[in-house]
Structures are given as structure tokens and as C-alpha cells.
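Below: the structure, in C-alpha cells.
Number of protein chains: 2
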Amino acid sequence: MDLEIIVQGAQAESKPELKLWLRLLSTTKLISHEIRRRLRAEYGATLPQFDLLAQLYREREGLRLGELSRRTMVTNGNVTGLVERLEADGLVIRETPDGDRRVTVARLTRKGEALFSEMAAAHEGWLRDMMADVPPELIQSMLREVGQLKGSARNHLSGAEEE
Amino acid sequence: MDLEIIVQGAQAESKPELKLWLRLLSTTKLISHEIRRRLRAEYGATLPQFDLLAQLYREREGLRLGELSRRTMVTNGNVTGLVERLEADGLVIRETPDGDRRVTVARLTRKGEALFSEMAAAHEGWLRDMMADVPPELIQSMLREVGQLKGSARNHLSGAEEE
DNA sequence: AAGAGATAGTTTAAATGTCAAAGGTTTCGC
DNA sequence: GCGAAACCTTTGACATTTAAACTATCTCTT
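Protein sequence lines correspond, in order, to chains U and C.
If you're matching positions, the first sequence starts at 1 in the working numbering and goes up one per residue.
If you're matching positions, the second sequence starts at 1001 in the working numbering and goes up one per residue.
Here it is as C-alpha cells:
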């Protein structure tokens, strides 16, 4: 039924970190699958595209592809293809600023703004629905605790990422 | 820096469900990236391969591909390719039982068992390390709360999945 | 037994994902 | 100003992902 089966056999009592990780992973997978399904069914969009549009929606003047890559946690080469497809759909345009010709900036078109604002409203509703059985206080405390977990993880990366 | 930027602009105060979701997503992405990097660097393995091997490690007599698909939350077609590559590496073997020739069962080889048991120990250590700054009580309470969230999400899927 | 229907895996196409290497551009040191 | 270093993006090779079509096999009803 679940990723958690990995350890629930012999020694599930110990290893709380592993157990928490598997539960986090299976939960986000569950919710992601659902959101992906609905995005596809109702808007013909994919989840990575939605994420990318979301970033551009917040920065109306556009973002450099490298910045998009950092914000969406998607690799550089991947952003290239994503933006290409979104541009083909007329949701995004690419421009090279005068100052620095190494740079490519992606920006939402009018059509992209309109579509994303629809999708965002639906997306938020889906989440509220899926979390309907969780009391508001729990949501608040999870927010805090997951934040702490994230901080801990960030402090113990092998890579060179700081702050 | 993060997925959470999606909403932190104008009206971050409201929409706690959305905020929690974005934080969950960015946290699991962060940890996944790190685990993937280390699995690749130290064992030349990918995360989905690790997940699949983990399932087989728990069921030494092997699992049908469909069951593997369900447990890893990976689609059917995907399991086919994964097992193919693992078989090519000599970590897994495929067999068709006598009773039902539609069925394919995947099982770990001696080599697969040895490799996975190494990887699993390292994997657990990485997690303990990344969660080092989180007090044990918090880990326990997150375990409970995330479980509740997962239950809620499962109850509000549009798909036909029950229990 | 025949055939409809269910089930198990595989295959396919399009998209996403990684990493590493290659491309142009800009900037810096001198 | 020139060459080297640094920067930004693209490209290429390959693995993973989803959804849907397809093949093979089994089961059940009649």
C-alpha cells in the first residue's frame, strides 16, 4: 500500500527518522499525484509547468532562467525545455535584456496570467479539500515543525548551499 | 530560494493549507535531492531504484510487478523499465511462476541483497544526520500529525482509491 | 467449450528529471 | 585592451514519470 512498508517489518519501533521520512514522502506523493491528475484533467497542464507559472505570476516583470531554476528547484537544463513548451503554448515569452546578452528572462503573457490565476484558485481549493479533516491548530503546528525540519536538513547538506 | 515564494508575497497570512503544502513540498524536495545526490555519488544508484530494492529486501521470496508498483507508488510501465535495468545490473531477477503465466515476480539476487543492505545503512544515517537538529519529541509529533494529514488527503481523492 | 470481460505486463509518446560538457558573453586583472 | 576566469544558458545522453494503448493470459458465465 505504501512506501512505509519499507521498514514496518522487523524493527519499525526504532528508526523514528526513517519512519518520519517515509511518511512524509508517501504523503507528498499522494497529494502530488492528486494535484497532477486534476491539473491535467481540468487545465491540460503539468505540475512543473504550474510551479513555473506560479513563480512568474509573482514576478510580473519576469525572471531569469537561472533564478527560475533556483526557485522551482529544477535544474537549469530542465527550465530551458519547460519554458520552451510554455512559450509554444503562448503562456510565456522569452526576452534578452539589453544590458547582458547572456541572460534570458521569462515573463507571463496576458494569456498566461489569465490561465494561471484560474488554476491557482482551483489548486488552493483542492488543497483545502484534501486537508479538510485536519484541525486548523494542527496545520499551524505542522507548519512550524516542518519549518524546523527543513532548517535542520538545510544545515546538514553535503552540497555547498547556504542560507 | 524556495517553492514557498509562490505565495509569500501578497496574502501569505491567509491560506494556511497552501502554505503548509508548499513547505512540505519544498522540504521533501530538499531531502530527496540530497539523498539522490549521495546515492548516485556513493553507489551509482537512483532513488527509484533504491525504493524498489527496499521493497524486495523486505520480501525475500519476491514480489509481483503490480504489487511493486502499488508499494512504490510508481506506475506499472515504470516498474517494467526499473526492473529491467536492475536485472541488467545483476541485482534482481525476474521469474514467471508456473500457475499464472501473466505474472512476473521480481526477486533480489545475492548481489542485490548485499548492495542494498549497505545502501540502507548509509541511507538511514543520512536521514538521522539531516534531522539532527529536530528534537525527538518533535519527530514523534510530526509522525502523528503527518499521519493525520495523509488520512485526510486519502479521504478526499477524486480517484477511486479506497482504504 | 465459446466468448465476454477482467487482469498482468509491456510498449509507446510526450514530458520531466539529472548531470556533464559546450556555447557565447561579460568581467576582471594586468 | 587582452587573455583568463566567471557567468548564463543551451545541448546531449540517459533515467524516470504519466497516461494510454496494446498483448497475453486467465476466469467466469452460459
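Even glycine gets a Cβ: it sits at the ideal position worked out from N, Cα and C.
**Prompt:** Would DSSP call valine 103(U) helix, strand or coil?
**Reply:** Counted from its first residue, the first sequence places residue 103(U) at position 103. Reduced to three states, the DSSP call for valine 103(U) is coil.
**Item:** Burial state of valine 1007(C) (16 or more Cβ within 10 Å)
**Value:** Taking the second sequence and counting its residues from 1, the one referred to as residue 1007(C) is at position 7. Summary for valine 1007(C): the model assigns pLDDT 48, below 50, so the residue's position carries little reliability; its value from the coordinates is reported in the next sentence. With 16 or more Cβ atoms within 10 Å of its Cβ, valine 1007(C) is classed as buried.
**Request:** Say whether chain U places a C-beta atom closer than 8 Å to the C-beta of glycine 1077(C).
**Result:** Counting from one through the second sequence, the residue named residue 1077(C) turns up at place 77. No - not a single Cβ of chain U is within 8 Å of the one on glycine 1077(C).
**Message:** Among Arg23(U), Ala120(U), Val74(U), Ile139(U), whose alpha-carbon lies nearest the alpha-carbon of glutamate 1017(C)?
**Reply:** Counting from 1 along the second sequence, the entry for residue 1017(C) is found at position 17. For glutamate 1017(C), the nearest C-alpha among the options comes from Ile139(U).
**Message:** If the criterion is Cβ atoms closer than 8 Å, does the pair serine 141(U) and glutamate 1145(C) meet it?
**Reply:** Walking along the first sequence from the start, residue 141(U) turns up at place 141. Walking along the second sequence from the start, residue 1145(C) turns up at place 145. Cβ distance < 8 Å, so serine 141(U) and glutamate 1145(C) count as in contact.
**Item:** Local Cβ density within 10 Å of aspartate 1098(C), reported as buried at 16 or more and exposed below that
**Value:** One-based indexing of the second sequence puts residue 1098(C) at position 98. So aspartate 1098(C) counts as exposed.
**Item:** Contact between the segment 32–43 of chain U and the segment 52–63 of chain U (3+ Cβ pairs under 8 Å)
**Value:** no
**Message:** Between which residues of its own chain and lysine 1111(C) is the CB-CB distance below 7 Å, once the five residues before and five after are set aside?
**Reply:** As a working note, residue 1111(C) is residue 111 in the second sequence. So the list reads Gly1090, Leu1091, once near-sequence residues are dropped.
**Asked** Would leucine 1020(C) pass as a contact of leucine 20(U) if the rule is Cβ separation under 8 Å?
**Response** For the purposes of this step, residue 1020(C) is taken as residue 20 along the second sequence, with counting starting at 1. For the purposes of this step, residue 20(U) is taken as residue 20 along the first sequence, with counting starting at 1. Against a cut-off of 8 Å, the Cβ pair of leucine 20(U) and leucine 1020(C) comes out as no contact.
**Message:** For glycine 1044(C), would you say it is in contact with chain U, using Cβ-to-Cβ distances shorter than 8 Å as the test?
**Reply:** On the second sequence, residue 1044(C) is found 44 positions in, with the first residue counted as 1. No, because no Cβ of chain U sits closer than 8 Å to the Cβ of glycine 1044(C).
**Item:** Cα-Cα separation, leucine 30(U) to proline 1048(C)
**Value:** Numbered from 1 along the first sequence, position 30 holds the residue referred to as residue 30(U). Numbered from 1 along the second sequence, position 48 holds the residue referred to as residue 1048(C). The straight-line gap from Cα to Cα measures roughly 16 Å.
**Item:** N-terminal and C-terminal residue of the beta strand (DSSP E) that glutamate 1059(C) is part of
**Value:** Here the question's residue 1059(C) lines up with position 59 in the second sequence. Note, glutamate 1059(C): premise wrong, no beta strand (DSSP E); not H, not E.
**Prompt:** Are aspartate 133(U) and glycine 1147(C) touching if we call contact CB-CB under 8 Å?
**Reply:** Sequence index remark: in the first sequence, residue 133(U) carries index 133 (1-based). Sequence index remark: in the second sequence, residue 1147(C) carries index 147 (1-based). No, Cβ-Cβ distance for aspartate 133(U) and glycine 1147(C) is not below 8 Å.
**Request:** Taking only beta-carbon positions, decide if arginine 1107(C) is within less than 8 Å of chain U.
**Result:** As a working mapping, residue 1107(C) is identified with position 107 in the second sequence. By this cut-off, arginine 1107(C) is not an interface position.
**Asked** Around the Cβ of valine 1083(C), are there at least 16 other Cβ atoms within 10 angstroms (buried) or fewer (exposed)?
**Response** In the second sequence, counting from the first residue as 1, residue 1083(C) sits at position 83. The residue is buried, with at least 16 neighbouring Cβ atoms inside 10 Å.
**Message:** Just checking: is the beta-carbon of glutamate 1145(C) within a distance shorter than 8 Å of some beta-carbon in chain U?
**Reply:** Stepping through the second sequence from its first residue, residue 1145(C) is reached at position 145. Yes, because at least one Cβ of chain U sits closer than 8 Å to the Cβ of glutamate 1145(C).
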